[in-house]
Ligand code: TYD
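In our numbering, the protein residues as written are 133 to 273.
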């Protein structure tokens, strides 16, 4: 049986402003382990070519921490820790949203051509997912 981490909940979710090097040739931002994000990144993945009206997510992670960035366009993240739920609108490539473990997330309202990049603290592991909302609610109760 997998260990369920202590739920930090929505109180731990926060926006991160990445450094911005502004230049008339175009701006530059960057991210480094342990400084801009509160964990050592072990994986980066991204969602793209999302059709209009599609929804992604619909799960929580037992242990994984993530930072989500709208690299292009915009989308909404609906986060739920079993007690409170909050909708975040991401639309800047220099702003990330930190999501600790044990937070249910759904992603919707993707704009056309948007790209959702996720910085993750661990490699992909299906055993880390909770994909059943009732199971999630029981685990955080
Ligand atoms: P999933 O995390 O459920 O997508 P989302 O939460 O964005 O809707 O992943 C969808 C599929 O992709 C699933 O079969 C697992 C696979 N996958 C990987 O193989 N590696 C990865 O790093 C991720 C994030 C997903």
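For glycine and all other residues, C-beta sits at the position ideal for the given N, C-alpha and C. Given the structure is predicted, the values throughout are model-derived calculations rather than measurements.
Residue i classed as buried or exposed, judged by whether at least 16 other C-beta atoms fall within 10 angstroms
i: residue 192; result: buried
i: residue 215; result: exposed
i: residue 178; result: exposed
i: residue 270; result: exposed
i: residue 157; result: exposed
i: residue 218; result: exposed
i: residue 213; result: buried
i: residue 237; result: buried
i: residue 228; result: buried
Proximity to residue i [Cα-Cα], best of the options
i: residue 172; options: 150, 161, 219 and 196; result: 196
i: residue 152; options: 161, 145, 146 and 144; result: 161
i: residue 247; options: 165, 266 and 223; result: 223
i: residue 189; options: 272, 241 and 271; result: 241
i: residue 256; options: 194, 154, 165 and 226; result: 194
i: residue 149; options: 273, 211 and 226; result: 226
i: residue 167; options: 272, 261 and 199; result: 199
Span of the beta strand (DSSP E) around residue i
i: residue 220; result: 217-222
i: residue 144; result: That residue, residue 144, is in no beta strand (DSSP E); it is neither H nor E in DSSP.
i: residue 244; result: First-last for residue 244: undefined, no H or E at that position.
i: residue 192; result: 188-193
i: residue 196; result: Taken as a continuous stretch (DSSP letters only), residue 196 belongs to no beta strand (DSSP E), as it is neither H nor E.
i: residue 228; result: 227-231
Delimiting residues of the alpha helix (DSSP H) encompassing residue i
i: residue 269; result: 265-272
Per-residue DSSP class, three states only, for residue i
i: residue 251; result: strand
i: residue 202; result: strand
i: residue 172; result: coil
i: residue 208; result: strand
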